Structures are given as structure tokens and as C-alpha cells.
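Q: Numbering (the numbering used here), first residue to last: 570 to 671.
Okay, handing you the structure first.
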Amino acid sequence: MPGGCDIVIEYSDGKVFGYDRIKCTYAYISSLPIGSAEIVDLYARKYNEHNFNEVSFERVWNTGDGDYDSMLAALKKFDGNYTYNGGLLDKDLSAILDILIS
570 MPGGCDIVIE
580 YSDGKVFGYD
590 RIKCTYAYIS
600 SLPIGSAEIV
610 DLYARKYNEH
620 NFNEVSFERV
630 WNTGDGDYDS
640 MLAALKKFDG
650 NYTYNGGLLD
660 KDLSAILDIL
670 IS
């Protein structure tokens, strides 16, 4: 599925990882086996297939900005109209229902 959000996380051990095409950032980061104590900086960018090369990353959160919950709250603005529903995105649920009904 095109579009979504890219996230770059710098960890306290100096490692940096990128995660791409995330549809629901809050749910995705919540599922990682990490805590905010392990994260130094978190950057994100939201894009679609038309502006992929034009959108820059912005710093969303760092260790001085608060606790784990504040990090997750800061990510919610990148979720767009995707919402998490017990392991599936609501958009995924709609697509599944459309297939089952037809």
C-alpha cells in the first residue's frame, strides 16, 4: 500500500534504524519491544506517492521531551486517518469486510 509514514529511531546504544511505510505509527511503535529509555531521538515524515521525494523528516521526540506516553502522543499526528483496532487497522478491516460481503 503506497504512502504512510517513515520513522527513524536513534537508540541509546548509538544504533539508528529506519522503519518505512508505516500506516499507524502509534500502534507500530507500541508493538516494538523497547521503552522510551532506550530511544534518544525519533524522527518521522508523512508522505504519499506524489510527494515522497519532497517531504523531509522532522524531529518528533527526544529524551528531554517526556516519557514513553508523550512519545506515542507525538507520533499520533502522523497517523492520518488510520486507527488501530486490536492488531488491524480500521482501513484493513473495511477492506476485509468488503471482500467478505462481495
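Using N, Cα and C, we set each Cβ at its ideal position, and we do this for glycine too.
Bear in mind that the values here come from a model prediction, so they are computed numbers and not experimental data.
1) Note down the Cα distance separating Gly583 from Glu618, rounded to an integer number of angstroms.
2) With respect to the beta strand (DSSP E) encompassing Asp575, which residues constitute its N-terminal and C-terminal limits?
3) Nearest CA to the CA of Gly587: which residue from Asn622, Asp638 and Leu611?
4) Under DSSP, the beta strand (DSSP E) around Leu641 begins and ends at which residues?
5) Leaving out five residues on either side along the sequence, give the residues of the same chain with a beta carbon under 6 Å from the beta carbon of Ala643.
6) So, Glu579 versus Val624, is the Cβ gap smaller than 8 Å?
7) The alpha helix (DSSP H) spanning Ile598 covers which residue range?
8) By DSSP, does Asp648 sit in helix, in strand, or in coil?
A: Inspection of the coordinates gives the following:
1) In the sequence shown, residue 583 corresponds to position 14, counting from 1. In the sequence shown, residue 618 corresponds to position 49, counting from 1. Rounded to the nearest angstrom, the two C-alpha atoms are 31 Å apart.
2) Position 6 of the sequence shown, counted from the first residue, corresponds to residue 575. Run containing Asp575: Gly573 to Tyr580, per the beta strand (DSSP E) assignment.
3) Numbered from 1 along the sequence shown, position 18 holds the residue referred to as residue 587. Closest option to Gly587, Cα to Cα, is Leu611.
4) Counting from 1 along the sequence shown, the entry for residue 641 is found at position 72. Leu641 -> not in any beta strand (DSSP E); alpha helix (DSSP H) instead, spanning Tyr637 to Leu644.
5) Position 74 of the sequence shown, counted from the first residue, corresponds to residue 643. Contacts found: Val629 and Trp630.
6) If you number the sequence shown from 1, residue 579 lands on position 10. If you number the sequence shown from 1, residue 624 lands on position 55. No. Outside cutoff.
7) Locating residue 598 in the sequence shown gives position 29, where the first residue counts as 1. From DSSP, the alpha helix (DSSP H) with Ile598 extends over Thr594 to Ser600.
8) The count along the sequence shown starts at 1 and reaches residue 648 at position 79. Residue state for Asp648 is assigned as coil, using DSSP reduced to three classes.
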